[in-house]
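Participant:
2 protein chains.
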Amino acid sequence: SPSQTQRVWVTHCQMSKACLESVHYPPSFFSLSSVTRLGMGFRPNGCLASPQETLMGKYGDNSKLIYELQDQGGELLALRYDLTVPFARCLAMNKITNIKRYHIAKVYRRDNPATTRGRYREFYQCDFDIAGQFDSMIPDAECLKIVHEILSDLQLGDFLIKVNDRRILNGVFAVCGVPESKFITTCSTVDKLDKMPWDDVRSEMVGEKGLSPEAADCIGEYVQLHGGLDLIEQLLQDPKLSQNKLAKEGLGDMKLLFEYLTLFGITGKISFDLSLARGLDYYTGVIFEAVLLQQENDHVEESVSVGSVAGGGRYDGLVGMFDPKGRKVPCVGVSIGIERIFSIMEQRVKASGEKVRTTETQVLVATPQKHLLGARLKLISELWDAGIKAEMLYKKDPKLLKQLQYCEDTGIPLVAIIGEQELTDGVVKLRVVTTREEVNIPREKLADEIRRRLEPCSLSVQSCLTL
Amino acid sequence: SPSQTQRVWVTHCQMSKACLESVHYPPSFFSLSSVTRLGMGFRPNGCLASPQETLMGKYGDNSKLIYELQDQGGELLALRYDLTVPFARCLAMNKITNIKRYHIAKVYRRDNPATTRGRYREFYQCDFDIAGQFDSMIPDAECLKIVHEILSDLQLGDFLIKVNDRRILNGVFAVCGVPESKFITTCSTVDKLDKMPWDDVRSEMVGEKGLSPEAADCIGEYVQLHGGLDLIEQLLQDPKLSQNKLAKEGLGDMKLLFEYLTLFGITGKISFDLSLARGLDYYTGVIFEAVLLQQENDHVEESVSVGSVAGGGRYDGLVGMFDPKGRKVPCVGVSIGIERIFSIMEQRVKASGEKVRTTETQVLVATPQKHLLGARLKLISELWDAGIKAEMLYKKDPKLLKQLQYCEDTGIPLVAIIGEQELTDGVVKLRVVTTREEVNIPREKLADEIRRRLEPCSLSVQSCLTL
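Keeping their order, the protein sequence lines are chains A and F. When the letters of the first sequence are read in order and numbered with the working numbering, they come out as residues 1 to 467. When the letters of the second sequence are read in order and numbered with the working numbering, they come out as residues 468 to 934.
1) Which same chain residues end up closer than 7 Å to residue 189 (chain A) when comparing Cβ atoms and leaving out the 5 residues on each side of it in sequence?
2) I'd like the list of long-range same chain contacts for residue 24 (chain A), defined as Cβ closer than 8 Å, with 5 residues on each side in sequence excluded.
3) Beta-carbon of residue 450 (chain A) versus every beta-carbon of chain F: anything under 9 Å?
4) Along the segment 364-381 of chain A, what residues have a CB closer than 7 Å to any CB found in chain F?
5) Measure how close the beta-carbons of residue 614 (chain F) and residue 882 (chain F) come, nearest whole angstrom, since I'm counting them as under 8 Å.
6) Chain F beta carbons: is any one of them nearer than 9 Å to that of residue 300 (chain A)?
7) Going along the chain, which unbroken runs of the beta strand (DSSP E) with 3 or more residues stay wholly within the segment 864-891 of chain F?
8) May I have the straight-line CA-CA distance separating residue 706 (chain F) from residue 807 (chain F), to the nearest angstrom?
9) Could you tell me whether any Cβ in chain A is nearer than 9 Å to the Cβ of residue 562 (chain F)?
10) Within the 9 Å Cβ cut-off, does residue 350 (chain A) reach chain F?
11) Using a Cβ-Cβ distance under 9 Å, would residue 447 (chain A) count as near chain F?
12) I need the straight-line Cα distance from residue 760 (chain F) to residue 355 (chain A), nearest angstrom please.
13) Whose CA, out of F:839, F:852 and F:853, lies closest to the CA of residue 428 (chain F)?
14) Quick check: what's the CA-CA separation for residue 142 (chain A) versus residue 276 (chain A)?
15) Among residues of its own chain, excluding the 5 on either side of residue 326 (chain A), which ones have a beta-carbon nearer than 6 Å to its beta-carbon?
16) Measure the beta-carbon distance from residue 568 (chain F) to residue 752 (chain F) and round it to whole angstroms, keeping in mind my assumption that it falls under 8 Å.
17) Applying the criterion that 16 or more other CB atoms from any shown protein chain within 10 Å of the CB defines a buried residue, is residue 432 (chain A) buried or exposed?
18) Can you tell me which of the three DSSP states residue 699 (chain F) falls into?
19) If you scan the segment 819-850 of chain F from start to end, which runs of the beta strand (DSSP E) of 3 or more residues do you find wholly inside it?
20) Please go through the same chain and pick out, in chain order, the residues whose beta-carbon is closer than 6 Å to the beta-carbon of residue 713 (chain F), but skip the five residues on each side of it.
21) Relative to the C-alpha of residue 328 (chain A), which residue among A:126, A:338, A:316 and A:352 is closest?
22) For residue 590 (chain F), which residues in the same chain have their Cβ closer than 7 Å to its Cβ, ignoring the five residues on either side in sequence?
23) Taking only beta-carbon positions, decide if residue 606 (chain F) is within less than 9 Å of chain A.
24) DSSP on residue 759 (chain F), reduced to helix/strand/coil?
25) Which residues, in chain order, does the segment 243-270 of chain A contribute to contact with chain F at a C-beta distance below 7 Å?
26) Rounding to the nearest angstrom, what Cα-Cα distance links residue 389 (chain A) and residue 363 (chain A) in this structure?
27) Any Cβ of chain F within less than 9 Å of the Cβ of residue 130 (chain A)?
28) Quick one: grab the DSSP three-state call for residue 342 (chain A).
29) Rounded to whole angstroms, how far is the Cβ of residue 430 (chain A) from the Cβ of residue 441 (chain A), which I believe are closer than 8 Å?
30) Using a Cβ-Cβ cutoff of less than 7 Å, which residues in the same chain neighbour residue 187 (chain A) once the five nearest sequence positions on both sides are dropped?
31) Given that residue 601 (chain F) touches chain A, what residues does it touch there, using C-beta distances under 9 Å?
32) Let me see if you follow: with CB-CB separation under 9 Å, is residue 612 (chain F) close to chain A or not?
33) Buried or exposed: which applies to residue 402 (chain A), given that a residue is buried once 16 or more other Cβ atoms fall within 10 Å of its Cβ?
34) Using only alpha-carbon positions, find the residue among F:661, F:691 and F:603 that is nearest to residue 774 (chain F).
35) Give me whichever residues DSSP pairs with residue 271 (chain A) in a beta bridge.
36) Give a yes or no on whether 9 Å exceeds the smallest Cβ distance from residue 198 (chain A) to chain F.
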């Protein structure tokens with residue numbers, strides 16, 4: 001399938017530039033394997049927490065969507081639903097106070113796949129998290145830098161990263177007279193502003209959530225705002241908000257964040273957007289979400305709106321929920337929506353009619369006459385030993401035309417042809433598939449010549465100097 | 468943990484040189500996800516095969532060891548036990564007749580982990596398979612070339628790849644008067660010759676498996692033999708075996724294989740060993756197993772015998788078992804024992820006291836005075852944008868000593884120090900952590916200088932020429 005190359009590339013994209021620690025969790029930590037222990041919240045002291053308190057408690061209503069393994073007389077187990085809860089649990093169980101890592105792996109959910117929306121029953125998540133007590137907003141800024149870097153390098157088109165803060169939102173609710181017990185439910189209504197107009201959101205607030213019309217209007221004055229440092233300064237001066245401790249804290253940190261993002265050179269794609277709420281309960285501070293602004297889908301019949309392509313935030317209380325003493329480890333992280341990005345890339349490839357290779361083969365070793373299998377095996381072995389990615393047909397006497405056709409079908413750029421004449425002359429005829437030009441190369445120089453044409457940067461300094 | 472670097476490296480080792488196609492199976496193919504459909508053998512015509520016939524039937528007694536998912540009202544599902552059966556099923560269900568791929572992924576088994584023997588409940592398997600009707604032994608030879616390449620590059624020490632053929636074994640049994648109904652059970656007793664002396668194996672044949680003493684002795688004349696082309700020639704002349712069609716076929720192919728392996732230059736590590744039987748029923752032709760010959764475990768208290776580190780063979784009948792019409796697709800493949808290799812590497816690292824890095828960070832960006840966080844953020848951003856793997860401490864005013872200590876602790880080789888003086892002069896002080904030497908580099912040349920020191924081969928030809 002055309003998506004294979006992109007999939008491999010995306011999963012290895014630029015995350016290494018940010019120097020992440022890739023953690024391979026030892027199999028004994030079930031909470032980090034795909035299989036999660038249900039109900040074993042506090043392993044060191046043997047105190048069992050019920051399933052509701054651990055894995056399933058974190059997902060609320062979503063807990064119906066967890067794949068449980070059959071009770072086969074051992075422990076109660078389930079397949080992990082995301083990568084964040086297992087991560088938080090690993091930190092708590094191992095008393096880790098300071099770590100940053102990326103994790104690209106599959107997660108398992110029981111929702112019905114609505115494939116055009118990119119939600120499968122088993123799909124990849126791609127997370128990066130920084131855990132630990134650090135100076136304010138520095139790791140948060142790094143998460144945003146990484147999202148910006150990844151989305152830029154993937155060349156998906158223009159994108160926007162919306163940023164907000166739970167403290168600012170809660171501050172707004174407070175100054176607008178919303179009772180604290182309704183903060184979470186109000187938040188989830190505000191979250192719908194990216195899909196519904198304000199009037200509909202207001203109606204839900206008043207009609208379904210029981211807010212007073214005044215409270216709703218007050219909220220409406222704030223949550224429709226978006227901007228940059230100017231907006232932050234403006235809100236810091238706001239008569240209502242400046243009375244609220246939480247809002248001031250959030251706004252102060254937002255200002256600091258924007259200063260760091262300016263130094264990182266990425267504020268062009270950042271928007272401080274008060275309508276951003278994010279669905280998950282466990283966020284405690286900064287929250288953010290990246291969306292693509294343009295879909296090049298003129299040729300595609302069905303316009304695909306795939307929502308956000310990355311999201312995350314700060315969640316300072318989650319690790320403590322898995323610790324018997326409630327010891328907290330502040331965390332901030334981001335999840336890249338890999339499967340959604342795959343959908344988009346696949347659509348584009350299909351629309352463009354571009355042919356995408358599924359292998360990285362550099363050269364096909366071919367023989368034009370019969371009884372030359374031995375010569376082919378020997379030559380391909382030399383190329384393999386020299387680190388060249390080479391293939392050959394598994395036939396004793398293949399026709400040259402078939403071998404050339406194979407290259408065209410699979411996108412192999414070069415053919416190393418060795419026939420009776422070439423064997424006599426100690427050369428190999430190197431043919432460029434697209435242009436059909438051929439040139440004889442001394443056999444011992446073949447690997448270097450292939451590299452010169454396909455990987456110029458890999459040449460040793462020595463070879464460079466002799467060019 | 469010290470194993471992380473090796474784990475990452477091993478999973479990416481040299482398999483790409485053999486130009487494999489990495490298949491990411493679309494999620495709709497449950498048989499290829501970690502979650503396997505139980506009992507859905509024939510999807511196209513809606514004919515349901517019972518669980519025994521599909522997944523569980525292939526594993527015999529081992530089917531008790533499969534993790535089943537709870538019956539939650541949908542399909543009956545289980546976690547995959549290996550990568551080969553799902554592969555065969557995918558080919559059958561999609562009518563694929565011709566593919567080669569590698570697959571590195573986790574499999575799930577319920578056996579109790581005996582960790583020193585490297586058998587976990589959830590562990591990686593690393594498979595390479597070539598499926599399709601091709602000229603005899605060419606793909607089989609390539610599988611062996613790959614095993615040889617991987618084991619050589621991993622530098623685990625001396626190794627041996629034993630090769631045999633089920634047809635030769637069955638031929639031996641036939642000419643020794645073993646009834647065909649006892650071929651499989653005799654085979655599994657022969658398989659124990661790598662762990663038990665011949666006398667014990669013979670006793671089991673006669674005492675437990677019901678073979679006549681004459682049959683056992685006859686078998687003993689053959690299965691204790693091992694060698695190279697000479698032995699193959701000798702057996703081709705053997706009066707008993709040359710009467711047996713199956714044995715002649717197997718020996719003929721073994722001769723062909725050795726000719727190809729000679730052209731591949733690897734026969735030094737290959738042994739035609741008639742005692743090799745391999746446990747799995749589905750092998751139909753060539754079988755092979757790689758073992759390490761030496762364990763450097765003088766410093767380790769517990770001597771770890773980890774058995775084979777790779778194994779495989781030809782299995783021409785498996786795909787047909789998942790096809791309603793029984794259409795066959797010949798396959799040959801190998802599984803690299805990644806977890807066992809991890810165990811060995813971990814042991815060695817521990818024994819050597821060598822410190823292994825868990826990140827690839829090239830440089831730490833550090834500031835020696837206070838109030839320079841902004842300068843640090845700006846510089847690290849420049850390095851990241853230039854593709855350099857850089858880190859910094861998440862502190863506003865970290866002490867220089869702490870920053871240097873962090874480099875020593877985590878193995879970061881270089882420090883880019885930017886203080887007030889360096890800012891004024893437009894330079895960065897580059898410090899080598901191990902030698903403590905420091906040199907001022909013009910800021911705009913910093914990325915290239917870091918690359919020159921750490922990745923000389925990545926320099927553009929341009930830079931090479933200016934050196």
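Backbone N, C-alpha and C fix where the C-beta goes; we use that ideal spot for every residue, glycine too. In this text, all values refer to a predicted model and were calculated from it rather than measured experimentally.
Facilitator: For this structure:
1) Here residue 189 (chain A) is taken as the residue at index 189 of the first sequence, counted from 1. Here the set comprises 201, 204, 205 and 209.
2) Counted from its first residue, the first sequence places residue 24 (chain A) at position 24. With a pLDDT of only 29 at residue 24 (chain A), under 50, the local geometry of the prediction cannot be trusted, and the value read off the model is given with reservation. Result list for residue 24 (chain A): empty, nothing under 8 Å.
3) Position 450 of the first sequence holds residue 450 (chain A). It does not: the Cβ of residue 450 (chain A) has no partner Cβ on chain F nearer than 9 Å.
4) 374, 377, 378 and 381
5) Working through the second sequence from its first residue, we reach residue 614 (chain F) at position 147. Working through the second sequence from its first residue, we reach residue 882 (chain F) at position 415. The pair is not a contact, with the Cβ atoms about 42 Å apart (cut-off 8 Å).
6) Here the question's residue 300 (chain A) lines up with position 300 in the first sequence. Caution is warranted here: a pLDDT of 45 is assigned to residue 300 (chain A), below 50, making its placement in the model unreliable, and the coordinate value is therefore given only provisionally. No, residue 300 (chain A) lies away from the interface with chain F (no Cβ there is under 9 Å from its Cβ).
7) 881-884
8) Counting from one through the second sequence, the residue named residue 706 (chain F) turns up at place 239. Counting from one through the second sequence, the residue named residue 807 (chain F) turns up at place 340. Their Cα atoms are separated by approximately 42 Å.
9) As a position in the second sequence, residue 562 (chain F) is number 95, starting the count at 1. No - not a single Cβ of chain A is within 9 Å of the one on residue 562 (chain F).
10) Position 350 of the first sequence, counting from 1, holds the residue named residue 350 (chain A). Not an interface residue.
11) To locate residue 447 (chain A), count along the first sequence from 1; it is residue 447. No, its Cβ sits nowhere closer than 9 Å to a Cβ of chain F.
12) Counted from its first residue, the second sequence places residue 760 (chain F) at position 293. Counted from its first residue, the first sequence places residue 355 (chain A) at position 355. Cα to Cα, residue 760 (chain F) sits roughly 46 Å from residue 355 (chain A).
13) No statement about residue 428 (chain F) is possible, as the shown extent of chain F runs from 468 to 934 and does not include it.
14) In the first sequence, counting from the first residue as 1, residue 142 (chain A) sits at position 142. In the first sequence, counting from the first residue as 1, residue 276 (chain A) sits at position 276. Approximately 20 Å between the Cα atoms of the pair.
15) Position 326 of the first sequence, counted from the start, is the residue given in the question as residue 326 (chain A). Closer than 6 Å at Cβ, skipping near neighbours: 320.
16) Here residue 568 (chain F) refers to the residue found at position 101 when the second sequence is read from its first residue. Here residue 752 (chain F) refers to the residue found at position 285 when the second sequence is read from its first residue. At roughly 20 Å, the Cβ-Cβ gap does not stay under 8 Å, so residue 568 (chain F) and residue 752 (chain F) are not in contact.
17) Position 432 of the first sequence holds residue 432 (chain A). In summary, residue 432 (chain A) is exposed, with fewer than 16 beta-carbon neighbours lying within 10 Å of its beta-carbon over all protein chains present.
18) Taking the first residue of the second sequence as 1, we reach residue 699 (chain F) at position 232. Residue state, collapsed to three classes: helix.
19) 830-833
20) Within the second sequence, the letter at position 246 stands for residue 713 (chain F). Same-chain partners within the cutoff: 634, 637 and 638.
21) For the purposes of this step, residue 328 (chain A) is taken as the residue at position 328 of the first sequence. With distances taken between Cα atoms, residue 328 (chain A) lies closest to A:316.
22) For this step, residue 590 (chain F) is matched to residue 123 along the second sequence. 573, 574 and 806, listed in sequence order.
23) Residue 606 (chain F) sits at position 139 when you count from the first residue of the second sequence. Answer yes: the Cβ-Cβ gap between residue 606 (chain F) and chain A drops below 9 Å somewhere.
24) Residue mapping note: residue 759 (chain F) aligns to position 292 of the second sequence, counting from 1. If DSSP states are grouped into helix, strand and coil, residue 759 (chain F) belongs with the strands.
25) 260, 263, 264 and 265
26) Here residue 389 (chain A) corresponds to residue number 389 of the first sequence, with the count starting at 1. Here residue 363 (chain A) corresponds to residue number 363 of the first sequence, with the count starting at 1. One alpha carbon belongs to residue 389 (chain A), the other to residue 363 (chain A), and they sit about 7 Å apart.
27) Taking the first sequence and counting its residues from 1, one reaches residue 130 (chain A) at position 130. Yes, its Cβ sits closer than 9 Å to a Cβ of chain F.
28) What you label residue 342 (chain A) is simply residue 342 of the first sequence in a count that begins at 1. In this structure, DSSP gives residue 342 (chain A) a helical state, which the three-state scheme calls helix.
29) Position 430 of the first sequence holds residue 430 (chain A). Position 441 of the first sequence holds residue 441 (chain A). Their Cβ separation, rounded to whole angstroms, is 5 Å, which keeps residue 430 (chain A) and residue 441 (chain A) in contact under 8 Å.
30) Locating residue 187 (chain A) in the first sequence gives position 187, counting from the first residue. Around residue 187 (chain A): 169 and 277.
31) By one-based count along the second sequence, residue 601 (chain F) stands at place 134. Here the neighbours are 393, 394 and 395.
32) Sequence index remark: in the second sequence, residue 612 (chain F) carries index 145 (1-based). At least one chain A Cβ lies under 9 Å of residue 612 (chain F).
33) The count along the first sequence starts at 1 and reaches residue 402 (chain A) at position 402. Exposed, because fewer than 16 other Cβ atoms sit within 10 Å of the Cβ of residue 402 (chain A).
34) Residue numbering aside, residue 774 (chain F) sits at position 307 when the second sequence is read from its first letter. It is F:661.
35) Here the question's residue 271 (chain A) lines up with position 271 in the first sequence. According to DSSP, which records beta bridges pairwise, residue 271 (chain A) is partnered with A:162.
36) Stepping through the first sequence from its first residue, residue 198 (chain A) is reached at position 198. No - not a single Cβ of chain F is within 9 Å of the one on residue 198 (chain A).
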